[in-house]
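Heads up, the sequence shown stops at 205 in my numbering, and the numbers go up one at a time, no gaps.
To start, the structure itself, in structure tokens.
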Amino acid sequence: MTEYILVSSTERYKTVTDNPDLETVAEYEYLFFGKKKTTFSICKIKNPGTRIVIQGVAEVFPDNSIPLKVFPKFDSTEAIEKEIYELDMDEESKIVKVH
Numbered sequence: 107m108t109e110y111i112l113v114s115s116t117e118r119y120k121t122v123t124d125n126p127d128l129e130t131v132a133e134y135e136y137l138f139f140g141k142k143k144t145t146f147s148i149c150k151i152k153n154p155g156t157r158i159v160i161q162g163v164a165e166v167f168p169d170n171s172i173p174l175k176v177f178p179k180f181d182s183t184e185a186i187e188k189e190i191y192e193l194d195m196d197e198e199s200k201i202v203k204v205h
């Protein structure tokens, strides 16, 4: 059974999705008053034993390597998209699909 995860990146940190054990299948930007706040990436899991690396961008902190098992898993991209689009509430708060 194929499983997917949702990861995010902001101005403060980046979740590294360039990983041979993950396949990015879609990306969405969350805009608040026209300014990008978060990029959401839906990734297909190719190896459940992989780790996700989070790197500091605006803040300096050591790379954080987190086991994939701590992330919520989804059976479909549609289930994740439903979660993402809950943020698309009005003109000030928008979700835009970029990939």
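Each residue gets a CB set at the ideal place from its N, CA and C atoms; glycine is no exception.
The model shown is predicted, which means the values in this text are computed figures rather than measured ones.
With which residues is residue i paired in a DSSP beta bridge?
i	result
residue 110	150 and 180
residue 133	147
residue 162	119
residue 172	158
residue 202	135
Could you pull out every residue in the same chain whose Cβ sits closer than 6 Å to the Cβ of residue i, ignoring the five residues on either side in sequence?
i	result
residue 165	118
residue 134	146, 190, 201 and 203
residue 113	121 and 147
Give the straight-line distance between the Cα atoms of residue i and residue j, rounded to the nearest whole angstrom.
i	j	result
residue 154	residue 132	19 Å
residue 142	residue 120	14 Å
residue 122	residue 178	17 Å
residue 162	residue 186	25 Å
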